[in-house]
Amino acid sequence: MDGKRRILIMAVVFGLVALLPIFFGGSKVIMHILIMCLIWSVVASCWDLIMGFAGIFSFGQVAFFVIGAYASAIFSLRLGVPPIISTFLAGAVAAAVGVLVALPCLRLKGAYVALVTFAVHMILAPFLKSNMGRAIGTGGAQGLLTIPPISLFGYTFQNAEPIPFFYLTLVVAVICSLIIILVIMSHWGTAFLTLKDSEDFARALGVSALRYKLMVFALTSFLTGMIGGFYGHYVGMLSTRMLGIDLFVTLMIMLVIGGVGQYPGAVLGAFFTVTINEMLAPVGSYRPLILGAMVLILVLALPDGVVGLIRSLFNLGGRGARAGGRMK
Amino acid sequence: MEVIDVIISGMINGSVYALMAVGLTLVYGVSKVFNFAYGSFYSLGGYLAFSILSFKIFGGYVTVLVLAVPALLLFGYVVERAIVAPLRRWSSWEVKVMMLTLGLALLMDNLFQITYGARVKSLPVIVEGSLTVGPVIVSWQDIAIFVLSVSGMFAFRWVLNNTWVGLAVQAVAQNPNGAQIVGIPRDKIFAATFAISTVMVGLGGILLSQKYFVSPNQGWDILVKAWVITAFGGMGSIRGSLYAAFIMGMLEAFVGWMFGLTWVQFALFGVLLATLAIRPQGLMGKWG
Amino acid sequence: MLKIEKLNAYYGEFHVLEDINMEVPRGQVVVLLGPNGHGKSTLLKSICGLVRSVKGNILYKGQNITGMSTSRLVSMGITYIAENRELFPFMTVQENLKLGAFSRAARPHLKENLDMVFTLFPRLAERKKQLASTMSGGEGRMLAIARGLMSNADLLAVDEPSLGLQPNLRLEVFRIIKEINKQGKTILVVEQNIPKIAEMADKIYVLEEGMITFEGDKEKVLSSEHMKEIFLGM
Amino acid sequence: MAERVLLRASNLTKRFGALVAVNNLSFQVKEGEIFGIAGPNGAGKSTVYNLLTGVYPFEGRVEFEGREIAGLPPHKIAHMGIARTFQVPQIFASLTVGECVDVGSRFGCPGGYDRAYTSEMLDFVSLTDQKDRPTEQLNLLGKKRLMIGASLATKPKILMLDEPMAGSNFKEIQQLMDLIKKINQDLGITIIIIEHFMKVLTELTKTLLIIETGTEICCGDPVEVTANPKVIQCYLGDAYAEN
Amino acid sequence: AQEIKVGVPLAMTGPYTDTGDNYWKGIKMAIDEINEAGGLLKKKLVPVRFDTQEFAPERVMQGADYLCGQEKVMSVHAGWAGWGQDIRAYGKYDAPFFADDGSQAAVDVFKENPADFANIFQLTDTGINQAASMFRVLMALPYEYPNKKVVIIHADDAWGQEVGDTLEKNFKEKGWEVALKEKVPYGTREWGPILTTIRKINPAIIHVEIVSAQEVITFFRQFMKAPTSSILSYGYSIVPREVVETMGKEADGLIGEVPTAMPTPKAPTPEAQAWVDKFEKIYGHRPQAGSWAAYSGVKAWAAAVAAVGDETKLKEVNQYIATQGYKGETGMWKWDAEHVMRAGGDVPIGHYQVQDGEMVTIYTDPPTKPYLDFKFIKPRWIK
Ligand SMILES: Nc1ncnc2c1ncn2[C@@H]1O[C@H](COP(=O)(O)OP(=O)(O)OP(=O)(O)O)[C@@H](O)[C@H]1O
Ligand SMILES: Nc1ncnc2c1ncn2[C@@H]1O[C@H](COP(=O)(O)OP(=O)(O)OP(=O)(O)O)[C@@H](O)[C@H]1O
Ligand SMILES: [Mg+2]
Ligand SMILES: [Mg+2]
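In order, the protein sequence lines correspond to chains A, B, C, D and E.
Per the working numbering, the first sequence starts with residue 6, numbered consecutively.
Per the working numbering, the second sequence starts with residue 112, numbered consecutively.
Per the working numbering, the third sequence starts with residue 1338, numbered consecutively.
Per the working numbering, the fourth sequence starts with residue 438, numbered consecutively.
Per the working numbering, the fifth sequence starts with residue 1194, numbered consecutively.
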């Protein structure tokens, strides 16, 4: 798939999503679900970028999200930074942490990288709850309950009025997606692929492994942290309970459904997963069971996710097709 | 003597961690499969024991072992053949296996929850009472756990180092294609190691359930601990995992004693990171 | 010994071998020549059960062995010696050799076979305790061949034994293959670049674009100008 | 042609644990020449390449065009104009043949991406007709040519080849030798080549360095070097001499 | 419509499933009772459940939007609901919302804007007050403490922190030495290091506040390997039903508390006794903490609706609950100005000791007084 086609698909997807409030605008719940779909689509896309394209098993995505959320909340609560600015600062904080995490990961391989990044996830909750955390204003175990909403040009985006907020999220998601597409299509994307395929040769051809690995960590954690901050201002509350296993698994399922390294897949995966999760709500305690079974079946039946399936049905070639795909 | 208490606590934990970590490292070392459902296999062991014991049949834990070991073996074997092995044909199958086993974990944990309820289940003790030597008191249960896991470990190492099967397992770990060429049934070894690791962690679940109970979501803790220890010792190095398990057990006991339990997790990850910064392949790991 | 009829092999969609017919008589050295990437290794691997999708018939001692697993074939006496060595890097030379005798048939002969390969490759005897990964390219090649001999096989499928070897070893390796053959083993070997290779072979096949394009004995080869020029460097 | 020294390596030493893979080795490569390296298996030839291209740290000095490059990371060295291929062919399995060559130009070429030059290089290694095929569909020879093509796209001043002939038959060897000569003469690129085929080395190279266990045995005119009894004893073998 | 929808946001999956079940038992019992008696204003109550999972903020908010915004339920009955997050989420709507947070944080949120949050009702007192009650009862026990040293172990969540800090303050004010105050994470099942320290201190009281059965049972078992002469007080951690069910008589001697308690084994009034019997008949075990409170929440709302005569007049229903309270099986339920069911009167905090394998109320508080003729028994491990 070339860049133009990818952008076209994204335009169609987001264009359709933009029309949804016409049908569902009356329901806060559905609007909320749509907003969360958009937010998770950004997180899942970032994860796909680092894991699917750059081939780095980063398991710290939820952690960066939460770091961003807390950072933005703390900036706006403690220092009075306007939320619209603090989300960017939050992105920067998450990016800084991302780079710090990336440094030890540069020398590590596969499952080790997964562990080190997951360690950030594991340690984050105890840290936020600890006295150190309280000292920087995380609210300890209780969390933060009074995060101010985002204001832009004198308009305040309240979560009680989801439609304006929905469009704000849509704009953010579109910008993030464009950045991700551009990265994938640009020489960055090529660099990730070459480093994944053969690091030695890539370096010998002048690709700086250090630079691109750090950049991908920085970029994905920046976007994730920023959208995390955005989330905090949307919901207005934060607690460490997002660091449970549930959210992590749900994000993973988004990637499975969309297909690893099948870029717009992650976005579709986010929409599918959130929708399925909500549709399964009536079955209560059977929901995770069914989700688990679905992951099993999907991985076995469609190892390249929905997008992989679409590709092989329509026989589309392109870079993504070969980033995943059947081995020789 | 407080220090002795702490050391004993560290030793017993270490022995259990060793059992947990060795299974994980074995599978990773031999087939590069990272099993996210490892913790759920631990719970499976506990629930198996619970179910068998709840029939109040004679023999108690002996019957549990007689029935659970083959059951776990079969379960592990079937899981490998039916859902892990088919993925090997795909590119970046390692990620796919991770995702698959994550799904399996979700499925199993919630199956447990639905079948057995969310509440913890308790099992009878293996041996009653405790041993008192001067000021030091150790329960026989702990001693039994220690003896069983350490002797299990040594038996396992002996098999690995002294039998044809053990040699074959090592061969597959080092070079699956090479192993195939000399006539080792590679795919069977993949499945067999997966099954053996299931038995190990399942046995861990049986041994520890009395002490720590059985509950549907407990496995994650075990997975993370086993993972940390495996990486610390070097993925794929059995000896490394053994050392790492005891070091981590001790570290946990001492940090908990001296600084408080909230610091244990920071300390574990801190030591892990420091080790990996100096030796990216872990204590005894070999690349590849 | 070995008879191949209408063999086809595929990697996914990629059709590598097309209707191969060939025969390896007992006690002979059969050499397979052919340009790079035209399917020589694939042919050997197909015989040894290492290629997933094959069609056609492979008869070994009269029995159809198509589709059998490699471990089964090894126990029946067919052994493959790989192009890229496929050693066990963190095991010693001795352990590698021991694993060569993994099949049930070979295990009882472990000791005598060890003695045999150590006489054939004195260098390995000197390095018994060295880890395979630290062996140099040439020593590794010898180890791979020796390991293959440990299996007591009747049919050895040897893939480019001289690849990447220093010049003096390249001839040495071929001399050893002849010696093994004299001990009664049947050998199918893929080779390039050994001057005078035709003189050492009992029979030669040429594989081009997945098809057998030439087949014949020494005399026939030496009488073909085309063969001489392209494959024998004469 | 002015006999300018392009690359000067002095006192290179590399240890892997107790093993000394390269031992106090010095040599120099003059601009425009084809420089050969040979020696027994495990002598340290590939390791020398890894040192020159910054794969791992080592002791000793490497001067390229009068500038010290020891200690620089691989991609910086690539930017300075040193390109290399690998003994075991390495390609980018996710890319097409054309994209693969692009990588060299985009990342390795100091002047930035040069489309015309890239397609010229693709042509040079005769892969233009394969441009849009996935790299993994190439055969071994194709992969080797692709490695060379991608390396050339970085507009290197020096190209280091590691056993390009291994596994080829006589005809293919002839083709590869022609390609190397063309690179050297038409593009004016200095070449270092590791090879085990003496015929190739004697025909191509101007200077030949023989090393064993990381140490120099002799260095000089290939014909003289191959007649050196020490070289024959440890490397070529009597059979070679007889031939 | 001949139906009234009632929202029930509880954890149905994940680590909090069991507490969610406890609340559900009480809520279901109340709904069934009302329906069997012909419904509320002759309309059938229909529960609409929502899985709050792990109480992630957006999940809590979504629950409110779903139940109140979309399903238009007429009341919401939660248990633990988000420790303040819930107040914000449900405060946006008007349907009465009953929670069992027991958290000062939730009350603080309420105080920001009492008018807006007029539909919020807490079924239990805050952790601070509960901790103070625990302290009072500990001091009132008919038992001579051998020394004035206490060890406090609490979870690293908001509840544990609140209780731990309050207890520490109270003990210090009374001249006790807090020899060890340790915050521990959930999932702690190996207590060796802490017990080593405790054995050296040999405190008169050990208080453990970590509301999860595995943690408290493992603590007890490992403590009992070499017990010190300490009163073992579990506070609210006694409530997971597994504690007594799993340990049986082994747990004899432990003490703990339940807010908004239904004292057992003998209930204070005949109506209450009938309720306990009924609960036992339905579910096969004694009522758990939470079941009773949640049950009463449903009944309190139903009483208010009956009095107002129209379930859709949400503001009036809220007003009624806030001002009139509710007459329940044990007596009057009156919410204070902060809409918290403060402990005391007919809705006291119950203090228990495990005796003969069951929880027996030995004190109620406030005011601190022994309950009927149930007596504190010196634990067997104290020499
Ligand atoms: N595992 C594989 N998957 C897909 N294609 C393969 C695989 N192995 C080899 N091929 C392709 O099959 C063709 C034949 O390969 P093979 O290795 O049999 O050739 P060969 O004649 O042995 O060549 P060489 O001289 O390089 O050893 C080549 O084009 C190669 O690229
Ligand atoms: N990363 C490493 N760690 C340990 N030893 C190494 C490493 N790389 C190479 N060696 C050892 O260094 C020596 C030199 O290896 P090198 O690859 O340079 O040999 P070579 O001359 O290229 O041989 P060949 O002709 O077989 O390719 C060998 O003994 C090899 O085992
Ligand atoms: Mg081949
Ligand atoms: Mg080399």
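Positions of the beta carbon are idealized from the N, C-alpha and C atoms, including for glycine.
Let me make sure I understand the geometry here. Which of the options has the alpha-carbon closest to that of residue i?
i, options, result
"E609 (chain D)", "D:K581, D:E661, D:D560 and D:A455", "D:K581"
"Y1347 (chain C)", "C:L1493, C:E1432, C:G1547 and C:L1559", "C:G1547"
"G1550 (chain E)", "E:A1500, E:G1446 and E:A1467", "E:G1446"
"P1339 (chain E)", "E:E1450, E:S1423, E:K1221 and E:T1245", "E:S1423"
"L1492 (chain C)", "C:P1498, C:P1504, C:I1517 and C:L1508", "C:I1517"
"V339 (chain B)", "B:P327, B:L353, B:I254 and B:S326", "B:L353"
"G316 (chain B)", "B:A129, B:E205, B:I295 and B:A355", "B:A129"
"E1497 (chain C)", "C:A1442, C:T1403 and C:I1534", "C:I1534"
"F70 (chain A)", "A:G234, A:E166, A:I12 and A:A196", "A:G234"
In angstroms, rounded to a whole number, what distance separates the CA positions of residue i and residue j?
i, j, result
"V1454 (chain C)", "T555 (chain D)", "52 Å"
"R324 (chain A)", "G266 (chain A)", "Caution applies to R324 (chain A), whose pLDDT of 42 falls short of 50 and renders its modelled position unreliable; the value that the coordinates give is listed next. Approximately 10 Å, taken between the alpha carbons."
"E239 (chain B)", "V249 (chain B)", "11 Å"
"K1377 (chain C)", "A1494 (chain C)", "11 Å"
"K1520 (chain E)", "Y1513 (chain E)", "13 Å"
"S348 (chain B)", "S308 (chain B)", "14 Å"
"V442 (chain D)", "P593 (chain D)", "16 Å"
"A1204 (chain E)", "D1244 (chain E)", "5 Å"
"I1220 (chain E)", "E1229 (chain E)", "14 Å"
"M332 (chain A)", "E573 (chain D)", "With a pLDDT of 31 at M332 (chain A), under the threshold of 50, the predicted position of this residue should be treated as unreliable, though the coordinate-derived value follows. Each residue's alpha carbon lies about 10 Å from the other."
"T199 (chain A)", "W193 (chain A)", "10 Å"
"A1419 (chain C)", "A507 (chain D)", "38 Å"
"M1254 (chain E)", "G1262 (chain E)", "11 Å"
Check the Cβ of residue i against every Cβ in chain B and list those closer than 9 Å, keeping chain order.
i, result
"R1484 (chain C)", "G289, I292 and V293"
Can you name the residues of chain E whose CB is closer than 9 Å to the CB of residue i?
i, result
"V67 (chain A)", "Ordered by position in chain E, no residue passes the 9 Å Cβ test against V67 (chain A), which lies about 11 Å from the chain."
Whose Cβ in chain C lies nearer than 9 Å to the Cβ of residue i?
i, result
"P477 (chain D)", "S1473, G1474, G1475, Q1503, N1505 and L1506"
Since residue i sits in a beta bridge, which residues does DSSP pair it with?
i, result
"C656 (chain D)", "D:L646"
"K521 (chain D)", "Sequence check: residue 521 (chain D) is Arg here, not Lys. Looking at the DSSP assignment, R521 (chain D) forms a beta bridge with D:M597."
"F1243 (chain E)", "E:P1202"
"H126 (chain A)", "According to DSSP, H126 (chain A) bridges with nothing at all."
"Y1519 (chain E)", "E:W1526"
"S156 (chain A)", "A:T161"
"Q1315 (chain E)", "E:A1292 and E:V1533"
"H1347 (chain E)", "E:K1376 and E:E1402"
"D1558 (chain E)", "E:I1542"
"D1390 (chain C)", "The displayed chain sequence assigns Ser, not Asp, to residue 1390 (chain C). DSSP, once it has assigned bridges, lists C:Y1347 as partnering S1390 (chain C)."
Which residues of chain E have a Cβ atom closer than 7 Å to the Cβ of residue i, listed in chain order?
i, result
"D309 (chain A)", "Going along chain E, no residue has its Cβ under 7 Å from D309 (chain A), so there is no contact; the nearest lies around 29 Å."
Against residue i, what residues of chain E qualify as contacts under a CB-to-CB distance less than 8 Å, listed in chain order?
i, result
"V117 (chain B)", "G1385, P1386 and T1389"
Who are the neighbours of residue i on chain B, taking C-beta pairs under 8 Å?
i, result
"Y236 (chain A)", "Near Y236 (chain A) there are no residues of chain B at all, since even the closest Cβ is about 23 Å away, more than 8 Å."
"S135 (chain A)", "T373"
Starting from the beta carbon of residue i, find every residue of chain C whose beta carbon is closer than 7 Å, and list them in chain order.
i, result
"P63 (chain B)", "Lying outside 112 to 399, the shown extent of chain B, residue 63 (chain B) is not represented and no answer is given."
Starting from residue i, find everything on chain A with Cβ-Cβ shorter than 9 Å and list it in chain order.
i, result
"N221 (chain B)", "S290, Y291, R292, P293, L294, I295, L296 and G297"
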